[in-house]
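Below is one structure; the comments refer to it alone.
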Amino acid sequence: MHFLQLAQGHVQRLFAYAQQGQQLFHTQVRIARDEKHDALMYPRESAALEHFIRLGRERLIAEEERFHGLLLTCGVFKVKHVDVLAQAVVVSVNQFDSFFTCLATVTPMAFSERVSRLKSSLIREILAAAQRPEVMSFAGGLPAETMLPKVEWDEMPLSLGQYGMSEGEPALREALAAEARALGLECEASQVLVVSGSQQTLDLAAKLYLDKGTEILLEAPTYLAALQIFQLFGADCLTVPQEADGPNLAQLRKRLEQHRPAFIYLIPTFQNPSAVRYSEAKRAAVAALLDEFGVTLIEDEPYRELTFDGGSAKPIAARLRKASWIYTGTVSKTLLPGLRVGYLIASPDLFPHLLKLKQSADLHTNRIGQWQALQWIGSQKYQQHLSELRDFYRQRRDAFQLALEMHFTDLAEWNMPQGGLFFWLTLKRPLDTRTLLDEALANDVAFMPGEPFFPEPDKHHGHLRLNFSHIDPARLDEGLKRLAAVVRRAQMERAA
Ligand code: PMP
379 MHFLQLAQGH VQRLFAYAQQ GQQLFHTQVR IARDEKHDAL MYPRESAALE
429 HFIRLGRERL IAEEERFHGL LLTCGVFKVK HVDVLAQAVV VSVNQFDSFF
479 TCLATVTPMA FSERVSRLKS SLIREILAAA QRPEVMSFAG GLPAETMLPK
529 VEWDEMPLSL GQYGMSEGEP ALREALAAEA RALGLECEAS QVLVVSGSQQ
579 TLDLAAKLYL DKGTEILLEA PTYLAALQIF QLFGADCLTV PQEADGPNLA
629 QLRKRLEQHR PAFIYLIPTF QNPSAVRYSE AKRAAVAALL DEFGVTLIED
679 EPYRELTFDG GSAKPIAARL RKASWIYTGT VSKTLLPGLR VGYLIASPDL
729 FPHLLKLKQS ADLHTNRIGQ WQALQWIGSQ KYQQHLSELR DFYRQRRDAF
779 QLALEMHFTD LAEWNMPQGG LFFWLTLKRP LDTRTLLDEA LANDVAFMPG
829 EPFFPEPDKH HGHLRLNFSH IDPARLDEGL KRLAAVVRRA QMERAA
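Numbers in the numbering used here are just positions in the sequence shown, counted from 1, shifted up by 378.
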């Protein structure tokens, strides 16, 4: 929760309107200016902090640097929602960032303390803003509409409407274990837990390991929604820089020597967002380090099958000799994300705990989706579909590369992804790419700023994640041209 000084008159009026049931959506609020306003932007200055604590008696604390950065440029906020009971106002700074504010003088909302760390997912909000059909979106990680396979439901037994097992459908667990063994991961079906998308694996792992202040280790950058859940549970997110072939090993060793992370979370195959695929050498080295220091591995592999230039690599979990591990995958990128079927495979010491967490989370995964997934996994039809998918995405990737060379060569650097769904651009003249969003959307282009993929966004300006799978090829060139123009304009403005 962000405590923020709104002019009291405004807030009281808002509550009064809300109590009368008046529509408050998009009412504008002007943030109270104050002679210490400048100081507010640097909350680490203790004088500023004290000042605001005094103003709000004990609770008025403005803490987030990014928010303070936005205060600089934006004095007018839009009210999204007023909660009369909790006496809270949710304001948005632009279309993407929302902040809770409370009247400092009233009791704050009666939510758990962890909710104060809950950040909205920027990507989900951008996707919402990009719903307009005219928007050319490079933002999501969505499969191409035309490549969603046609699925049949006629044969599905009606009994699947009944409650099922928390572990997942037995036949599906067997099929998933067989697939994992083919990758070199020694496991039995009894180690497979079917989950509601691999996102649920991250949720269960967070519940299993994290208390406030628990140290964990992540790649920098890393998957946005993993950060969201790990931070919600209070993790202290330590990072290891990502290089073109995997993490910087010297830094990884140093981190492991100096800290005792509860786990390391890695996406070694076509990482989201950087598209990096770890080399064989780095896979082996990472596994050896985790064994040496006894650190649990969470290996997340949604993009493994989307490989365009051949080559495959044994999972890191399959190389471990001692350390505990959770390996997770999904059908979201290869079949239908709407099925919400993912899976985790865990070392036997972890499995019973994850199973109990699954029981308490949602009893079991959607059986109808599991049935559909089972019609594909391990089948000839699935292999055929995967091969068509790879051909299709390879062509999209190649077309994207050409269009990028045309429009971004002077602006950014990137490596051509060998798989996955994203290009990761690094601007030659870095700027906070979040500040480009409004302008991009005004030009009907959506993209994903790079900053939120880092636990410390403000130390990592100047990256853009661009999805190449979803955009209609007929609009690709125009979309990138407009985006490049937005970047160029912003850079000129800053230089002026
Ligand atoms: N992990 C990573 C790295 C992802 O990119 C995604 C989806 N964007 C997920 C997990 C979650 O996928 P799902 O829940 O749809 O299986």
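C-beta: ideal position from N, C-alpha, C; glycine also.
- DSSP lists L595, L675 as the bridge partner or partners of I642.
- According to the DSSP assignment, T708 belongs to the beta strand (DSSP E) that extends over 703 to 708.
- A straight line joining the alpha-carbon of T647 with that of I607 spans about 21 Å.
- Inclusion of T600 and L722 in the CB contact set at 8 Å is not warranted, their separation being larger than that value.
- In the displayed model, W792 falls within coil according to three-state DSSP, outside both helix and strand.
- Going by DSSP, I746 is part of the alpha helix (DSSP H) stretching over 745 to 754.
- R655 sits away from R697, with the two beta carbons spaced by 8 Å or more.
- Secondary structure at E856: helix, using DSSP grouped into helix, strand and coil.
- Secondary structure note for H785: it is in no beta strand (DSSP E), and the uninterrupted alpha helix (DSSP H) holding it is 758 to 786.
- Taking a C-beta distance under 8 Å as the contact criterion, E566 and A555 qualify as a contact pair.
- Here Q636 is exposed. Its C-beta has fewer than 16 other C-beta atoms within 10 Å.
- When C-alpha distances from W703 are compared across A862, S710, F729, the shortest belongs to F729.
- Residues of the same chain with a CB within less than 7 Å of the CB of A517, apart from the 5 flanking positions on each side, are I501, I504, L505, A508, A824, F825, M826, N845 in chain order.
- Exclusion of G542 from the 7 Å shell around the ligand PMP follows from its C-beta lying no nearer than that to any non-hydrogen atom of the ligand.
- Following the DSSP letters along the chain, one finds A724 inside the beta strand (DSSP E) bounded by residues 720 to 724.
- Annotation for E621: the continuous beta strand (DSSP E) segment containing it runs 614 to 621.
- Of the residues assessed, K837 falls on the exposed side of the cut-off, its CB having fewer than 16 other CB atoms within 10 angstroms.
- One thing to note: G612 has its Cβ no nearer than 8 Å to the Cβ of D581.
- Remark: the shortest separation between the CB of T813 and any heavy atom of the ligand PMP does not fall under 7 Å.
- For T804, the uninterrupted beta strand (DSSP E) run begins and ends at 800 to 805, by DSSP.
- T617 and M534 have their alpha carbons spaced roughly 45 Å apart.
- Only residues of its own chain outside the window of five on either side were considered, and among them A691 have a CB closer than 7 Å to the CB of E658, listed in chain order.
- In the pairwise beta carbon analysis, the stretch 782 to 795 is classified as touching the stretch 858 to 865: at least three pairs are separated by under 8 Å.
- Chain order is used for the residues whose beta-carbon lies nearer than 6 Å to a heavy atom of the ligand PMP, namely G519, G575, S576, Q577, Y601, I645, N650, D678, P680, T708, S710, P715, G720.
- Counting C-beta pairs with one atom in each stretch, the stretch 797 to 804 and the stretch 673 to 691 have three or more that are closer than 8 Å, which means they touch.
- Its Cα nearest to that of R495, the residue G591 stands out among G591, A549, M543.
- For the set M870, G720, S738, the Cα lying nearest the Cα of V572 is the one of G720.
- The beta-bridge partner set that DSSP reports for L844 consists of F801.
- Assignment of A824 by DSSP, reduced to helix, strand and coil, places it in the strand class.
- Counting the other CB atoms within 10 Å of its CB gives F489 a total below 16, which places it among the exposed residues.
- Runs of alpha helix (DSSP H) with 4 or more residues, each lying fully within the stretch 525 to 572, are found at 548 to 560, listed in chain order.
- With a cutoff of 8 Å on beta-carbon distance, A781 and L858 are scored as near each other.
- Minimum Cα-Cα distance from A873 among the listed residues A724, N744, A553, R807 corresponds to R807.
- Around the CB of G575, 16 or more other CB atoms lie within 10 Å, so the residue is classed as buried.
- When the Cα atoms are used, E677 and I642 turn out to be separated by approximately 8 Å.
- Nearest neighbour of E670 by Cα position, chosen from G689, I694, A701, D810, turns out to be A701.
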